[in-house]
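Trainee:
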Amino acid sequence: MRIRTPSRIHVTLIDMNGAIGRVDGGVGFALNDPHVEIEAFESEEISVSGKAQNLERFREVAQKLSLHFGKGIEITVKADYLGHVGLGSGTQIALAVGKAFSAFYAPKMSLREIAELVGRGGTSGIGVAAFEFGGFIVDGGHSKKEKRDFLPSSASRAKPPKVISRLEFPDWDVVIAIPRLSGAHGIAEVDMFKKSCPVPLEDVRELCHLILMKMLPAVAEEDLDSFLSALRRVQHLGFKKVEVERYGTLIRECLDNFLAGMSSTGPAIFAPTDTNARALAKELEGYFVEKGINCESIVTKARNRGAEIEL
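Just so we're aligned: the sequence shown equals residues 11 to 321 in this note's numbering.
Structure follows, in structure tokens:
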């Protein structure tokens, strides 16, 4: 079988205060590129090959699932993309491998069950929802009855949250710039959550207002100016402010100068545009190169459907 996943932009976590009895909540959207693509075959052994940047991550997920199912798998990685840059490669790799295993050995298993099995979606549900059906997504986070701690998805055992809004994202170009900086992951990411949460309640309230009454309507009405206005303000609020300020003034000045956002814990920058996307990509690259930091960019679009799965 063949599986091609999207990547995803994670605009922000919504409520990292928890005063109302829920935590987390996420906003984001699926991207056409970069992407993960695998070919998979039933096997009694585990075989993982291909020219991949994260080959060991594919192998680790396959080994974990092999123990669960008592079966092997043969996987050839056709495409993947950089990990720990804010574009959600870990979730897409885990879900692609998990979907292949379930298709062969447990065809009735739901995607949410697969996500639980591979340990994804414990904080934000954007990556899981991007894999399932794409589009612009808001998830409702977790009740404190299920999850009491502030933890990233990689360290949380909570179930993937339910999607509370899903819209078709407009046909804008999306410029992605990835400066060669170290994104937060592992222990460093866990520590960032523990030290920075709970965030101020007034930030959470403003975020909710922006998302419900500005960002979502802007997507529905294809109003780019309004979307960018909301996006700019979001970068200064709640846990997103914490994520951005981890890089000092470097990312902050870039976001303000280019009407852009930072995806997840970064360092990937995203900038929706309806004008000259290639020129904007070059300008974003130039911003970092002038500061002695290598940067690569791509121009893509949002993806309004989930992963492609061919049996």
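Don't be surprised by glycine CBs; every beta carbon is placed ideally from N, CA and C.
1. Can you check which of these residues, 250, 80, 176, 217, is closest to residue 202 by C-alpha distance?
2. Run through DSSP, which three-state label would residue 163 get?
3. Identify which residue in 83, 148, 319 has its Cα closest to the Cα of residue 55.
4. Going by DSSP, what residue range makes up the alpha helix (DSSP H) through residue 305?
5. Looking at residue 267 and the ligand COA, is the gap between the Cβ and the nearest heavy atom below 7 Å?
6. Buried or exposed, going by whether 16 or more other CB atoms sit within 10 Å of the CB of residue 223?
7. Taking all protein chains shown into account, do 16 or more other C-beta atoms lie within 10 angstroms of the C-beta of residue 321, making it buried, or fewer, making it exposed?
8. Does residue 85 pass the burial test, meaning 16 or more other C-beta atoms within 10 Å, or should it be called exposed?
9. Thinking just about the alpha-carbon of each residue, which of 292, 17, 77 is nearest to the one in residue 140?
10. Determine the closest residue to residue 164 out of 278, 125, 319, 225, with distance taken between C-alpha atoms.
11. Just the Cα atoms here: how many angstroms apart are residue 59 and residue 65?
12. How would you call residue 130, buried or exposed, if buried means at least 16 neighbouring beta carbons within 10 angstroms?
13. Can you check whether the CB of residue 151 is closer than 8 Å to the CB of residue 32?
14. Near residue 306, what residues of its chain come up, given a Cβ to Cβ distance below 6 Å and the 5 sequence neighbours on each side ignored?
15. Three or more beta-carbon pairs under 8 Å between the region 258-278 and the region 231-247, yes or no?
16. To the nearest angstrom, report how far apart residue 226 and residue 52 are at their CA atoms.
17. Of the choices 176, 237, 11, whose alpha-carbon is the least far from that of residue 36?
18. Could you give the first and the last residue of the continuous beta strand (DSSP E) run that contains residue 44?
19. So, are the CB atoms of residue 95 and residue 71 less than 8 Å apart?
20. Quick check: the Cα distance between residue 28 and residue 180, rounded to an integer number of angstroms?
21. Please state the DSSP three-state secondary structure of residue 187.
22. Which of helix, strand or coil does DSSP assign to residue 315?
23. With residue 215 as the anchor, note down where its alpha helix (DSSP H) starts and where it stops.
24. According to DSSP, is residue 78 helix, strand or coil?
25. Within 10 Å of its beta-carbon, does residue 2 have 16 or more other beta-carbons around it, so buried, or fewer, so exposed?
26. Which residues in the same chain as residue 252 place their Cβ atom closer than 6 Å to its Cβ, once the five residues preceding and following it in sequence are excluded?
27. Give the straight-line distance between the Cα atoms of residue 19 and residue 282, rounded to the nearest whole angstrom.
28. With a threshold of 7 Å on Cβ separation, who are the neighbours of residue 234 within its own chain once the five nearest residues in sequence on each side are excluded?
29. If we ignore side chains and look at the alpha-carbon of each, how far apart do residue 81 and residue 99 end up?
30. Under 8 Å between the Cβ atoms of residue 171 and residue 25?
Mentor: This is what the structure gives:
1. 250
2. Correct three-state label for residue 163: helix.
3. 83
4. Unbroken run through residue 305 is the beta strand (DSSP E), 305-311; no alpha helix (DSSP H).
5. The ligand COA is not among the ligands present in this structure, which contains no ligands whatsoever.
6. exposed
7. exposed
8. buried
9. Scanning 292, 17, 77 for the CA closest to the CA of residue 140 turns up 17.
10. 125
11. Just so you know, the alpha carbons of residue 59 and residue 65 end up roughly 7 Å apart.
12. Counting Cβ neighbours within 10 Å, residue 130 comes out buried, since at least 16 surround it.
13. In this structure, residue 151 lies closer than 8 Å to residue 32 by Cβ.
14. 188
15. yes
16. 42 Å
17. 176
18. 32-53
19. no
20. 32 Å
21. Three-state result, residue 187: strand.
22. coil
23. 211-220 is the span of the alpha helix (DSSP H), which, as asked, contains residue 215.
24. helix
25. Outside the modelled stretch of the chain, which goes from 11 to 321, sits residue 2, for which no answer is possible.
26. 206
27. 11 Å
28. 182, 282, 284
29. Cα-Cα distance, rounded: 25 Å.
30. Cβ distance not < 8 Å, so residue 171 and residue 25 don't count as in contact.
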